[in-house]
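Participant:
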Amino acid sequence: MTGAEPKVTKELALSHGLTAEEYDRIIRRLGREPRFTELGLFSALWSEHCAYKHSRVFLRDLPTQGPQVLQGPGENAGIVDLGGGLALAFKIESHNHPSFIEPFQGAATGVGGILRDIFTMGARPIAILDSLRFAPPDDAKARRLLEGVVSGISWYGNCFGVPNLGGEVAFAPEYAGNPLVNAMAVGLVPTDRIFRARAEGVGNPVFYVGAKTGRDGIHGATMASATFDEGAAERRPTVQVGDPFTEKLLLEACLEAMATGAIVGIQDMGAAGLACACSEMPARAGTGMEVDLDRVPQRDRGMTPYEIMLSESQERMLLVCSRGREAEIRAVFAKWELDAVEIGRVTGDGILRARMHGEIVAEVPVKALADEAPVYEKPTARPDWQDALEAFDPLTLPAVAPERALLALVGSPALASKLWVYRQYDTQVGINTLVVPGSDAGILRIKGTGKAVAVTADGNARQVYLDPRRGAAMAVAEAARNLAVSGARPLGLTDCLNFGSPERPEILWQFKEAVGGIGDACRALEIPVVGGNVSFYNETLGQAILPTPVIGMAGLLEDAEARCTQWFEEAGDRIALIGPDAVSLGGSEYLWALHRRVAGRLAPLDLDVERAVQGACRAAIEGRLVRSAHDCAEGGLAVTVAECCVSGPTPLGAVLELPAGGDRDDLALFGEGPSRIVVSVPASAARAFEALVREFAVPWRWIGRVGGDRLVVRRGETPLVDLTVEQLGHEWRSGFARSVA
Amino acid sequence: MRFGVVVFPGTWSDCDFHYVISEVLRQPVSYIWHREANLSGYDCVVLPGGFSYGDYLRAGAVAGRSPVVEALPEFVARGGLVLGSCNGFQILCESRLLPGALTRNDSLQYRCQFVHVRVDNAETAFTRATRPGQVLKMPISHGEGKYYCDGPTLRSLKEKSQVVFRYCEEDGRLTKDANPNGSLDNIAGVVNEEGTVLGLMPHPERAAEKAVGGIDGLAIFHSLLASLVEDGTFLKR
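Given below as structure tokens:
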């Protein structure tokens, strides 16, 4: 069979996505032409998706340290300490390309992959989140993609049995040919039970566990490392097919096998399947690995070694167990009716050696595959479109009447309630969910501790497009603010960096600037990056997406009772705005929704102020001085307060009194800026609240009072908005479904 | 003298039931693996929610033919109580321990949300701590929860007061809007003729603590405890 394999030539290497230089480098490293299977290994392991060739030089500058960090980037997931012997594992990952080709399975297997990244560390998944981007839903194809993606996430997560705690759905025309599906998973692990993907111990047996290997998903990693052309539909066979039931069994079997103490190291077979696991595990441990591919459980007949190594069939793991304890592993997997087959052993020579029918089909140094992919520092160039974007003054456009604008915004698909989405997700399994999707962050209790964890996934691509550095820093600040308004202290973040082709200097400039901005904000707010994912080549027919870094973040509430939600709760409470007044219509939801423009300058971001504002908000929540707290983000102050009115279990009105001033009304109402939080304060706590915000030396002011059944906004003596909560609530509740269904 | 919570491959509410029974109600409870056919050590067997066997073929179809479910008729005949929630209800219908079937939601989508259900029969072992007409708020989480049975079966269910819970508004009115999945007659839960096997789509275990889903689901557990105590078969731990 191996005799029938194609002869390896430079042309074949090029058709595998390798460059001529990379092919020459492989020949130099091996001292010979690679075999066909070996070419497959290199093309997968050296793909952008696996090797971070274009991003590595920039990612080096991100802060990854902190006293709470138990595992930083480089493993399947990052881990932070929760105290008391417990830790939180979390990671975000993209599944953009597969989801465009086949939305249901693409999104489902995205969830499956990220869940495996969590439980391969020994953690039981306790939450997933998803960040989704599509073309505006007036496009039928965008609606079809959205529906397919949401039902794929729903199917996989619900069947597996993990609650969905939130995320976001955003729309822009740039995602028409390349939607974004970013999935985040969070898991709980005892600190003394953390497992890593290391093939330690020469002579230890290597087990293949889980589902059988088929021909699905071959070269998925390579597919994800290229832009799309008209032939995207023909790539459907590169999309994997998920089976959440098998994943659930794999979870239970893996955790049970880990509890025996017989497992030395374990890695999920995701992108590039066996090829990746068989090289990365020994590379991390400084060992080698021998595998016999005849023993790999197979679903298809007549699979070649090339296909077996590169298949991305789902729900599989590779594990190394202590020699002599094989029977314990076999017993656990037999109980769960899963394959567990010894396919090889750990060696000391640093070589990945694969045999089939007794013949060697690959014999490659593991470090050559896992660590020696070329690192590129390609040219970057500030795009020539930036000047025009920055020069645009939104105030040259006519102002839209405030009430019309407010109704349009709360009912827009971007800002309206996402109930249509998350009512398809199980949000409660595990009975830990204290705050379901619909507030700024999802909150889960940690049983038996009195603590809780808050999680969010957030990004704002328009802002990053206009100013990548500040926009990306704002994304980090906003994710941290989402946690702060929930009462949580951020522990770490995971980033999913979705960009176009890094081979274009303008795109790489966006990337470099955005990573710089993330680093700025992380350092200022003392939030380490513990993992993440880069997704390049998000382009179809030369049209790149908006630069879209999505920030996943997890935080801790030492006291689960001291948690906070975004909606008003009591008539008579006073409303305060914590944070600066500086806002801009540049890149705002108002400018997009009412004028279909993405341009202008962003409001300034002062990270010291951001830090103080978040600290003040957290202290006010801990001191029980506020009854609600809501991040003042997309849509500006008016939309934020409207959301406080309509999003709770009992809708409540409010009266806002804004100072008369020189700004245009639309800027005052809908302008967006960082570091702003709207809180409601019981009248009895008003003085204590005033003392607290003064102590934190943050800008703040009283802006109104909760109560009644209308939202009234006055500026000086001038009434700008006077709408019933019922009408606002109706727009907000029905807006999304009206757009997408 | 114990609760047993059945674990099928693909079950996920097992841990939640176990937690509520042991940590909230402080009662003895253990897991029962799906291959177990000996149920002699239990007073009440819980069939929890999830996707047993992936719900492949039909929801609950494979689990309905598993050793533990095949042991249930005898368990029930000797006075055992069976509580099936969500996938458990689907399994009870598939195994003919309860009449009717659960089919795809009218919306053709999964639904996870709070619902209100009205107690239509407060005389069962599962509802004796409630009042007739009492409204309970509990979550649902399913894609196939639309209850269906034929006309004669429905008439018989009603005559024998086997319809225990019906989806309703907060004030108890039975409306189309309150029905989250298109169930026949807003049916959310039914019992067998003896009143010892209950199947319901809502998740009482998700409504057993104030901070997590409220406490309306406790009424079902409290009813069970009262039943077991009065029968003299129940020993407090």
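Line order of the protein sequences matches chains A and B.
Residues 1 to 741, numbered by this note's numbering, are exactly what the first sequence covers, in order.
Residues 1001 to 1237, numbered by this note's numbering, are exactly what the second sequence covers, in order.
Quick reminder that beta carbons are idealized off the backbone N, C-alpha and C, glycines included.
Only a predicted model underlies this, so the values are computations on that prediction, with no experimental measurement involved.
1) Can you find a C-beta in chain B that's less than 8 Å from the C-beta of residue 299 of chain A?
2) Which bits of chain A does residue 1111 of chain B rub up against, with CB to CB less than 9 Å?
3) Does DSSP classify residue 385 of chain A as helix, strand or coil?
4) Would you kindly work out how many angstroms separate the C-alpha atoms of residue 735 of chain A and residue 412 of chain A, rounded to a whole number?
5) Just to confirm the assignment, what range does the beta strand (DSSP E) spanning residue 34 of chain A have?
6) Looking at chain A, is there any beta carbon in it that lies within less than 8 Å of the beta carbon of residue 1205 of chain B?
7) Residue 1205 of chain B: which of B:1191, B:1194, B:1222 and B:1190 sits nearest, CA to CA?
8) Report the option in B:1200, B:1015 and B:1069 whose CA atom is closest to the CA atom of residue 1164 of chain B.
9) Please list, in chain order, all residues of the same chain as residue 1104 of chain B whose beta carbon is under 8 Å from its beta carbon, the five residues on each side excluded.
10) Please compile the residues from chain B whose C-beta is within a distance smaller than 8 Å of the C-beta of residue 10 of chain A.
11) Against chain B, which members of the segment 129-156 of chain A pass a CB distance test of less than 8 Å?
12) Can you list, in chain order, the residues of its chain whose CB lies under 6 Å from that of residue 1006 of chain B, leaving out five sequence neighbours each side?
13) Alpha carbons only, please: which of A:471, A:547, A:292 and A:683 is nearest the one belonging to residue 572 of chain A?
14) Using a Cβ-Cβ cutoff of 7 Å, what residues of the segment 1123-1143 of chain B are near chain A? List them in chain order.
15) Would residue 197 of chain A and residue 315 of chain A be called neighbours here (beta carbons separated by less than 8 Å)?
16) Mind checking which residues open and close the beta strand (DSSP E) that includes residue 321 of chain A?
17) Using beta-carbon positions only, say whether residue 547 of chain A and residue 464 of chain A come within less than 8 Å of one another.
18) Using a Cβ-Cβ cut-off of 7 Å (strictly less than) and excluding sequence neighbours within five positions of residue 1226 of chain B, which residues of its own chain qualify?
19) Under 7 Å Cβ-Cβ, which residues of chain B neighbour residue 336 of chain A?
20) For the putative contact between residue 743 of chain A and residue 670 of chain A, defined by C-beta atoms under 8 Å, what is the C-beta separation to the nearest angstrom?
21) Where are the beta strand (DSSP E) runs, 3 residues long or more, that stay fully inside the segment 438-521 of chain A, in chain order?
22) For residue 1189 of chain B, decide whether its Cβ has a neighbour in chain A, counting only Cβ atoms nearer than 8 Å.
23) How would you call residue 589 of chain A, buried or exposed, if buried means at least 16 neighbouring beta carbons within 10 angstroms?
24) So who's on the other strand from residue 91 of chain A, going by DSSP bridges?
25) How many angstroms separate the CA atom of residue 323 of chain A from the CA atom of residue 532 of chain A?
26) Taking Cβ-Cβ distances shorter than 7 Å, what residues in chain A pair up with residue 1064 of chain B?
27) Between which two residues does the alpha helix (DSSP H) carrying residue 104 of chain A extend?
28) Would you call residue 521 of chain A buried or exposed, if buried means 16 or more other Cβ atoms sit within 10 Å of its Cβ?
29) Taking the C-alpha atoms as reference points, what is the distance between residue 510 of chain A and residue 381 of chain A?
30) Measuring straight from C-alpha to C-alpha, what distance separates residue 190 of chain A and residue 84 of chain A?
31) Is residue 254 of chain A close to chain B, meaning its C-beta is less than 8 Å from at least one C-beta of that chain?
32) Going by beta carbon distance, what residues of the same chain come within less than 7 Å of residue 1197 of chain B, once the five residues before and after it are set aside?
33) Leaving out five residues on either side along the sequence, give the residues of the same chain with a beta carbon under 6 Å from the beta carbon of residue 246 of chain A.
34) Could you tell me whether the segment 72-80 of chain A touches the segment 38-47 of chain A, where touching means 3 or more Cβ pairs closer than 8 Å?
35) At what residues does the alpha helix (DSSP H) containing residue 592 of chain A begin and finish?
36) Note the first and the last residue of the continuous beta strand (DSSP E) segment covering residue 1146 of chain B.
Facilitator: The answer reads as follows:
1) Not an interface residue.
2) The answer, in chain order, is 423 and 424.
3) Residue state, collapsed to three classes: helix.
4) Roughly 6 Å between the two C-alpha positions.
5) Counting along the chain, residue 34 of chain A falls outside any beta strand (DSSP E), and DSSP gives it neither H nor E.
6) Yes, residue 1205 of chain B counts as interfacial toward chain A.
7) Of the listed residues, the one whose Cα sits closest to residue 1205 of chain B is B:1222.
8) Looking at the Cα atoms, B:1200 is the closest of the given residues.
9) Cβ neighbours of residue 1104 of chain B beyond the five flanking positions: 1143, 1144 and 1146.
10) Within chain B, no residue has its CB atom less than 8 Å from the CB of residue 10 of chain A, the nearest being about 46 Å off.
11) Those would be 151, 154 and 155, in chain order.
12) Closer than 6 Å at the Cβ level, and outside the excluded window around residue 1006 of chain B, lie 1032, 1047 and 1068.
13) Closest option to residue 572 of chain A, Cα to Cα, is A:683.
14) Per Cβ criterion, the list reads 1139 and 1141.
15) In this structure, residue 315 of chain A does not lie closer than 8 Å to residue 197 of chain A by Cβ.
16) 316-321 is the extent of the beta strand (DSSP E) around residue 321 of chain A.
17) Taking 8 Å as the Cβ cut-off, residue 547 of chain A and residue 464 of chain A qualify as a contacting pair.
18) Contacts found: 1128 and 1129.
19) Per Cβ cutoff of 7 Å: 1009.
20) In the structure displayed, chain A extends from 1 to 741; residue 743 of chain A sits before or after that span and is not available.
21) Those beta strand (DSSP E) runs which fall completely within the segment 438-521 of chain A and span 3+ residues are 442-446, 451-458 and 489-498.
22) Not closer than 8 Å to any Cβ of chain A, the Cβ of residue 1189 of chain B fails to qualify, so no.
23) Classification for residue 589 of chain A: buried.
24) DSSP lists A:185 as partners of residue 91 of chain A.
25) Their backbone Cα atoms lie some 34 Å apart in a straight line.
26) From the beta-carbon of residue 1064 of chain B, no residue of chain A is found nearer than 7 Å; the closest lies around 16 Å away.
27) Unbroken alpha helix (DSSP H) run through residue 104 of chain A: 103-119.
28) It is buried - the Cβ of residue 521 of chain A has at least 16 other Cβ atoms within 10 Å.
29) In a straight line, the C-alpha of residue 510 of chain A is about 9 Å away from that of residue 381 of chain A.
30) In this structure, the straight-line span from the alpha carbon of residue 190 of chain A to that of residue 84 of chain A is close to 9 Å.
31) Residue 254 of chain A does not count as touching chain B.
32) The answer, listed in chain order, is 1076, 1082, 1092, 1097, 1098 and 1191.
33) In the same chain as residue 246 of chain A, and ignoring 5 residues on each side of it, the C-beta atoms closer than 6 Å to its own belong to 211 and 315, in chain order.
34) Taking 8 Å as the limit for Cβ pairs, the verdict is that the segment 38-47 of chain A does not touch the segment 72-80 of chain A.
35) According to the DSSP assignment, residue 592 of chain A belongs to the alpha helix (DSSP H) that extends over 589-595.
36) Where residue 1146 of chain B is concerned, the enclosing beta strand (DSSP E) stretches over 1146-1148.
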